[in-house]
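S.K.: Protein sequences appear in the order of chains Z and U. The first sequence runs 1 to 676 under our numbering. The second sequence runs 677 to 990 under our numbering. Idealized CB from N, CA, C, for every residue including glycine. Nothing here was measured: the structure is a model prediction, and the numbers come from that model.
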Amino acid sequence: MNDEARREPVLRVADLRLAYRVDGELRETIRGLSFQVERGEAYALVGESGCGKSTVAFAAVHYLPDNTVHLGGQILLAGQDIRALSWQQRRLLRKSVVSMVYQNAATALNPTMRIGDQIAEVFLIRGFSRAEACLGAEDALRKVRISDVGKVLQSYPQQLSGGMQQRVVIAMAISASPELIILDEPTTGLDATVEAEILELLENLRQELKVALLFISHNLAVVAQLCDRVGTLYAGRMVEEGSTSSLLFNPHHPYTASLLRCLPKRGADKWTEVLTTIEGLPPKPGSILTGCVFAGRCTLVKPECRKGHPEAIVVGQGQKSWCIRAAEVPAMAFERPKQAPPADQKAPPLPPVIEVRNLSKSYGHGPNKVQILSDVSFAIRHQEVLGIVGESGSGKSTLAKVIVGLEPADPGSALMLMGRPMARLLEQRDPAQAGAIQMVFQDPSDSLNPKHKVKTILSRTATKALRLTASDAKQRTFEVAKSVKLDPSHVEYYPGALSGGLRQRVAIGRAIAGKPQFVVCDEPTSALDVSVQAAILNLLVDLQRHEGLSFIFVSHDLDVVRYISDRIMVLYFGRVMEIGPAEAVFSGPHHPYTEALLSAAAHLERKEVSKNRVRLRGEPPTHRFPPGGCVFHTRCPRKLGNICEEKAPPRQIGGNGHEIACHIPVNQLGRTADAR
Amino acid sequence: MYYYLYRLVSAFVTLFILSAIVFFGTVILPGDVGRRILGGLASETAVAELNRQLGTDRPVIEQYSSWLGGLLHGDLGTSFSMRVPVGELLAPALLNSAILTLLILVLLLPTAIVGGVLAALLRGRPGDHLITVSAMAATTVPDFVIGILLLLVFSLGLGWFPTSATAPAGSGFLLQLHHLLLPALCMVIGLGGYVLRMVRAGVVVALESDYTRTAFLKGLSPAAVLFRHVLRNGLMSTVAVISSQIGYIFGGLVVIEVIFNYDGIGRLIYVAANQKDFVVLQTGIIIVGSIYFMVSILGDIVHSALDPRTRFKR
Numbered sequence: 001m002n003d004e005a006r007r008e009p010v011l012r013v014a015d016l017r018l019a020y021r022v023d024g025e026l027r028e029t030i031r032g033l034s035f036q037v038e039r040g041e042a043y044a045l046v047g048e049s050g051c052g053k054s055t056v057a058f059a060a061v062h063y064l065p066d067n068t069v070h071l072g073g074q075i076l077l078a079g080q081d082i083r084a085l086s087w088q089q090r091r092l093l094r095k096s097v098v099s100m101v102y103q104n105a106a107t108a109l110n111p112t113m114r115i116g117d118q119i120a121e122v123f124l125i126r127g128f129s130r131a132e133a134c135l136g137a138e139d140a141l142r143k144v145r146i147s148d149v150g151k152v153l154q155s156y157p158q159q160l161s162g163g164m165q166q167r168v169v170i171a172m173a174i175s176a177s178p179e180l181i182i183l184d185e186p187t188t189g190l191d192a193t194v195e196a197e198i199l200e201l202l203e204n205l206r207q208e209l210k211v212a213l214l215f216i217s218h219n220l221a222v223v224a225q226l227c228d229r230v231g232t233l234y235a236g237r238m239v240e241e242g243s244t245s246s247l248l249f250n251p252h253h254p255y256t257a258s259l260l261r262c263l264p265k266r267g268a269d270k271w272t273e274v275l276t277t278i279e280g281l282p283p284k285p286g287s288i289l290t291g292c293v294f295a296g297r298c299t300l301v302k303p304e305c306r307k308g309h310p311e312a313i314v315v316g317q318g319q320k321s322w323c324i325r326a327a328e329v330p331a332m333a334f335e336r337p338k339q340a341p342p343a344d345q346k347a348p349p350l351p352p353v354i355e356v357r358n359l360s361k362s363y364g365h366g367p368n369k370v371q372i373l374s375d376v377s378f379a380i381r382h383q384e385v386l387g388i389v390g391e392s393g394s395g396k397s398t399l400a401k402v403i404v405g406l407e408p409a410d411p412g413s414a415l416m417l418m419g420r421p422m423a424r425l426l427e428q429r430d431p432a433q434a435g436a437i438q439m440v441f442q443d444p445s446d447s448l449n450p451k452h453k454v455k456t457i458l459s460r461t462a463t464k465a466l467r468l469t470a471s472d473a474k475q476r477t478f479e480v481a482k483s484v485k486l487d488p489s490h491v492e493y494y495p496g497a498l499s500g501g502l503r504q505r506v507a508i509g510r511a512i513a514g515k516p517q518f519v520v521c522d523e524p525t526s527a528l529d530v531s532v533q534a535a536i537l538n539l540l541v542d543l544q545r546h547e548g549l550s551f552i553f554v555s556h557d558l559d560v561v562r563y564i565s566d567r568i569m570v571l572y573f574g575r576v577m578e579i580g581p582a583e584a585v586f587s588g589p590h591h592p593y594t595e596a597l598l599s600a601a602a603h604l605e606r607k608e609v610s611k612n613r614v615r616l617r618g619e620p621p622t623h624r625f626p627p628g629g630c631v632f633h634t635r636c637p638r639k640l641g642n643i644c645e646e647k648a649p650p651r652q653i654g655g656n657g658h659e660i661a662c663h664i665p666v667n668q669l670g671r672t673a674d675a676r
Numbered sequence: 677m678y679y680y681l682y683r684l685v686s687a688f689v690t691l692f693i694l695s696a697i698v699f700f701g702t703v704i705l706p707g708d709v710g711r712r713i714l715g716g717l718a719s720e721t722a723v724a725e726l727n728r729q730l731g732t733d734r735p736v737i738e739q740y741s742s743w744l745g746g747l748l749h750g751d752l753g754t755s756f757s758m759r760v761p762v763g764e765l766l767a768p769a770l771l772n773s774a775i776l777t778l779l780i781l782v783l784l785l786p787t788a789i790v791g792g793v794l795a796a797l798l799r800g801r802p803g804d805h806l807i808t809v810s811a812m813a814a815t816t817v818p819d820f821v822i823g824i825l826l827l828l829v830f831s832l833g834l835g836w837f838p839t840s841a842t843a844p845a846g847s848g849f850l851l852q853l854h855h856l857l858l859p860a861l862c863m864v865i866g867l868g869g870y871v872l873r874m875v876r877a878g879v880v881v882a883l884e885s886d887y888t889r890t891a892f893l894k895g896l897s898p899a900a901v902l903f904r905h906v907l908r909n910g911l912m913s914t915v916a917v918i919s920s921q922i923g924y925i926f927g928g929l930v931v932i933e934v935i936f937n938y939d940g941i942g943r944l945i946y947v948a949a950n951q952k953d954f955v956v957l958q959t960g961i962i963i964v965g966s967i968y969f970m971v972s973i974l975g976d977i978v979h980s981a982l983d984p985r986t987r988f989k990r
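Take a look at the structure:
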């Protein structure tokens, strides 16, 4: 490579315009996009789903669906126009200049090939001998901080955990010694603790290998930790670009500002602020947009916004905003309306809606028996939200299913609704009890019957649970639609015709149509964009306040749980580690596990804090070999000694019903300074 | 391991139920064995005497249990109509059918796999439509129609092939092949279309998977992606399909062996059913059933050898 090529940015996208041909019609998705990634730089593209982020990522490696049409512009990878190259030349680039890390590591790895062979392949095609390739694969695994290299080399992908699989994909990516690694949502779907480890790894690799990163993400907090510069993408156009700190803390485009306002702030709760949502949806690919692409959803929109694309305005050091009212954006940002807690919060407490005592759940018999939940006890009061957090495998979803009665709890577990005992299985509960508890699932497209119109879905539940006449059911359907903020016209649609956010509203509507006392929400916003998530969270708060509903809210996103919950329960390996008022759990003193979870969570305000992260050792235990004593002792950073291995920890009860299961005295447990 | 034991036990139970169904089904059919063998002109006394000799005048339950008891002791019984031990009838018939089946598979597998992979690579294009539609058409035409058409065109019309599948005694390999080609082709067309579409479906899923994308973006050549990553995953389902289609092959054998007058197990069973020769019929069906189960268990073993996911459960 000559000196001139060295000075070229590693990736330069210039006025790129792409469309997909669908049914003979061109649908423009990338509408004149320009940006560049310098050598060794970490550049992030952010935006909601459907903005064209992934299309850009795959266009950069020229791996696009056959129906893609190039309408104009250029992509220069290491100075070479990727479209002008022959496929052999593009193979050369893929071998040694650019590599990719994907969102779903589990499917990105070949299930029938050993890890060692899959990594070695990268070396083999670069002309190394088999022996060199094997050594290279070993070395790559060491670089991604895998300790048991020999075992992993011999494993098949499905034998590894999600975090390990993503490490393997990263190992494969760095094996090409690339100049640019494109990361498409690499931590989406991973637990916060695993996400923190992957981000730390990426940051270290970047230092070691001097490789540039193009980071595609919808998660602004993750971007804040890793990237130098950020570009906000909307409807296939750049709307704002700048250094990470200036863009995230001083946004000058209404879209960037709105995205940031959708996120619950660290330590924020529902009584101190209402989340801002972005009305409407991103424009569909192919829609004709004259003027600013964001005009349709912008709160600052003026008639002149609709005349011609706005020119870039330099708003700060290296920060550009494509908005004619950029100067007014800082004033609009972060004005969040406040709301008072409901009056009856202060009223004398009613009996618990749900009470669970010594709940256990196991599968299998004899030597194959695995204990998923052990001795879980808690109560949820009227009009209260209990948040449940924990890593995957902690038993969160199982607990939700057991309470609803989809899976029977083990004998000896006690479940009570309004002080009355409930059968363990849904079929055995009396109809009133069965109808009193409803569930909302993570993915509304799987949980709604696609063959029923929305009105059928809503009215069926209402009719069954409330024994309504046809006309009353119709009346109830419109009431429900209104309370979940669906447009009356939406009830005539099939779920498939609605967007993800609207579908989740239908799912919530279905849950509340029968006037239940209690709703279990299992990761209800995890599959949604932040703007839609904010709307759903606001909706749940409304329902809590106006309909007097109680909720269980299961999520792996700590800020969301903190925002929505009155109390929080922390689960690890099916045991309650800590339970208490949301504020107390977040500010401490907290269980060492809670402390680790909190310090792992990515959030906007803390690049430097990551250095003080509480690290968990090793992998979570397997259910076949549960640890004795305190189940957390194998990974606990504050393990005292033998007592933790031998004796189950006591439940230390503090004020306000804050309970911590730990051998360490409460006054010596950690606190999180920046929680509030 | 437990799984295969379970499969084995359930195979035995199924075979037992199968034998009962076949037996009582045969009994319901009109006419008696002695009358069938001796013909309509024989006297009542002769028929009764023959039935007594064969034991077919006994109560049906007794006939069934004595046959089943014999089978469990390794005694396959004696044919009513041909008066020879069933083993002597079955062994050459099985060998003949095995030869035909082998020829069918040798022709079918490469055609179906190459055709299916080609269609998958061309998915959505005219070539794919051509291949898939022809395959579908071939599958929808019943075996006996294909057989009769082939006979009419290639042996009666053009005279390229003999009408009978049985080559004269002592003929060489090529001559035997010449006789067997037409009946084999008949099955290859019928079953091949189905297997081809399965291959195509499996390979399309593999081609559009994330790991194939990973392989391409590693910089592998298209051929390396196809052979190292796509085919092993894409053909996995085909193995299961082929082993489960062994029942279909036997069903097809009955038809084509009768049409082409070939002394295989299918024709033997057909003749036995016509004669109410229940010993041959029963034993033949039990043997076919056993082969069916053995092949499908074998298919499972091959499948798990190819797919590490079935070996390790996290």
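Less than 8 Å between the CB atoms is what I'm expecting for residue 953 of chain U and residue 769 of chain U, so what's the real figure, rounded?
M.R.: In fact, because the Cβ distance is near 13 Å, the residues do not count as touching under 8 Å.
S.K.: Hey, which unbroken runs of the alpha helix (DSSP H) at 4 residues or more fall wholly within the segment 66-136 of chain Z?
M.R.: Complete alpha helix (DSSP H) runs here, min 4: 87-96, 105-108 and 115-124.
S.K.: For residue 490 of chain Z versus residue 454 of chain Z, is the C-beta distance shorter than 8 Å?
M.R.: A contact, by the Cβ cut-off of 8 Å.
S.K.: By the DSSP assignment, the alpha helix (DSSP H) with residue 360 of chain Z in it spans what residues?
M.R.: Counting along the chain, residue 360 of chain Z falls outside any alpha helix (DSSP H), though it belongs to the beta strand (DSSP E) covering 354-363.
S.K.: Using 8 Å as the limit for Cβ to Cβ distance, is residue 151 of chain Z near chain U?
M.R.: Not an interface residue.
S.K.: Which residues does DSSP list as the beta-bridge partners of residue 199 of chain Z?
M.R.: Residue 199 of chain Z is not bridged to any residue.
S.K.: Starting from the N-terminal side, write out each stretch of the beta strand (DSSP E) that is 3 residues or longer and does not extend beyond the segment 357-436 of chain Z.
M.R.: The segment 357-436 of chain Z contains these whole beta strand (DSSP E) runs: 370-380, 385-389 and 414-417.
S.K.: Rounded to whole angstroms, what is the Cα-Cα separation between residue 95 of chain Z and residue 900 of chain U?
M.R.: Roughly 14 Å between the two C-alpha positions.
S.K.: Is DSSP giving residue 609 of chain Z helix, strand or coil here?
M.R.: Because residue 609 of chain Z sits at a pLDDT of 46, beneath the cut-off of 50, its placement in the model cannot be relied upon, and the point is left open.
S.K.: Could you run through the segment 956-987 of chain U and flag, in chain order, every residue whose CB is less than 8 Å away from some CB of chain Z?
M.R.: Answer set for the segment 956-987 of chain U: 982, 983, 984 and 985.
S.K.: Starting from the N-terminal side, write out each stretch of the alpha helix (DSSP H) that is 4 residues or longer and does not extend beyond the segment 841-899 of chain U.
M.R.: Runs of the alpha helix (DSSP H) inside the segment 841-899 of chain U: 849-883 and 886-894.
S.K.: Can you check whether the C-beta of residue 676 of chain Z is within less than 8 Å of a C-beta belonging to chain U?
M.R.: Summary for residue 676 of chain Z: the model assigns pLDDT 34, below 50, so the residue's position carries little reliability; its value from the coordinates is reported in the next sentence. Closer than 8 Å: no.
S.K.: For residue 831 of chain U, collect the residues of the same chain with a Cβ closer than 7 Å to its Cβ; drop the 5 residues on either side in sequence, then sort them by chain order.
M.R.: The residues are 837, 838, 839 and 858.
S.K.: Does residue 716 of chain Z come out as helix, strand or coil in the three-state DSSP assignment?
M.R.: Coverage of chain Z is limited to positions 1 through 676, which leaves residue 716 of chain Z absent and any answer about it impossible.
S.K.: Using only CA atoms, which one of Z:37, Z:429, Z:488 and Z:556 lies nearest to residue 13 of chain Z?
M.R.: Checking every option, the nearest Cα to that of residue 13 of chain Z belongs to Z:37.
S.K.: Can you check whether the C-beta of residue 265 of chain Z is within less than 8 Å of a C-beta belonging to chain U?
M.R.: No - not a single Cβ of chain U is within 8 Å of the one on residue 265 of chain Z.
S.K.: To the nearest angstrom, how far is the alpha carbon of residue 916 of chain U from that of residue 834 of chain U?
M.R.: Cα to Cα, the separation comes out at about 38 Å.
S.K.: Restricting to Cα atoms, I'd like to know which of Z:155, Z:354, Z:184 and Z:531 is closest to residue 402 of chain Z.
M.R.: Residue Z:354 is the option with its Cα nearest to residue 402 of chain Z.
S.K.: What is the rounded straight-line gap between the Cα of residue 876 of chain U and the Cα of residue 471 of chain Z?
M.R.: C-alpha separation (whole angstroms): 52 Å.
S.K.: Under the DSSP definition of a beta bridge, which residues are partnered with residue 578 of chain Z?
M.R.: Per DSSP, Z:570 and Z:660.
S.K.: For residue 819 of chain U and chain Z, any beta-carbon pair shorter than 8 Å?
M.R.: So no, residue 819 of chain U is outside the interface.
S.K.: Is the CB of residue 104 of chain Z under 8 Å away from at least one CB in chain U?
M.R.: Yes, its Cβ sits closer than 8 Å to a Cβ of chain U.
S.K.: At a CB distance below 9 Å, what residues from the segment 866-899 of chain U approach chain Z? Give them in sequence order.
M.R.: Residues passing the 9 Å Cβ filter: 885, 886, 887, 888, 889, 890, 891, 892, 893, 894, 895, 896, 897 and 898.
S.K.: From U:814, U:692, U:731 and U:772, pick the residue whose C-alpha is nearest to that of residue 866 of chain U; which is it?
M.R.: The shortest C-alpha separation from residue 866 of chain U is found at U:814.
S.K.: Does any residue of chain Z have a CB that is nearer than 8 Å to the CB of residue 905 of chain U?
M.R.: So yes, residue 905 of chain U belongs to the interface.
S.K.: Rounded to a whole number of angstroms, what is the C-alpha to C-alpha distance between residue 608 of chain Z and residue 387 of chain Z?
M.R.: Confidence at residue 608 of chain Z is low in this model, with a pLDDT of 49, below 50, so the placement of that residue should be treated as unreliable; the coordinate-derived value is given next. Cα-Cα distance, rounded: 28 Å.
S.K.: List the endpoints of the continuous alpha helix (DSSP H) containing residue 685 of chain Z.
M.R.: With chain Z covering only 1 through 676, there is no way to say anything about residue 685 of chain Z.
S.K.: Would you kindly report the start and end of the unbroken alpha helix (DSSP H) that includes residue 320 of chain Z?
M.R.: Element bounds for residue 320 of chain Z: not the alpha helix (DSSP H) but the beta strand (DSSP E), 319-321.
S.K.: Suppose contacts are defined by Cβ-Cβ distances below 8 Å. Is residue 484 of chain Z in contact with residue 589 of chain Z by that definition?
M.R.: No, these two residues do not count as a Cβ contact at 8 Å.
S.K.: With a threshold of 8 Å between beta carbons, is residue 10 of chain Z in contact with chain U?
M.R.: Judged by the 8 Å Cβ criterion, residue 10 of chain Z is not in contact with chain U.
S.K.: Which residues of chain U have a Cβ atom closer than 8 Å to the Cβ of residue 95 of chain Z, listed in chain order?
M.R.: Under the 8 Å cutoff, chain U gives 894 and 895.
S.K.: Please list, in chain order, the residues of the segment 207-227 of chain Z that have any C-beta partner in chain U closer than 7 Å.
M.R.: So the list is empty, because no residue satisfies the distance condition.
S.K.: Looking at the C-beta of residue 908 of chain U, does it have a partner C-beta in chain Z at a distance below 8 Å?
M.R.: Interface residue, yes.
S.K.: Can you tell me whether DSSP reads residue 243 of chain Z as helix, strand or coil?
M.R.: Strand at residue 243 of chain Z.
S.K.: Is the CB of residue 138 of chain Z under 8 Å away from at least one CB in chain U?
M.R.: Taking Cβ atoms only, chain U never reaches closer than 8 Å to residue 138 of chain Z, which makes this a no.
S.K.: Using the C-alpha atoms, what's the distance from residue 130 of chain Z back to residue 275 of chain Z?
M.R.: If you take the alpha carbons of residue 275 of chain Z and residue 130 of chain Z, they lie about 56 Å apart.
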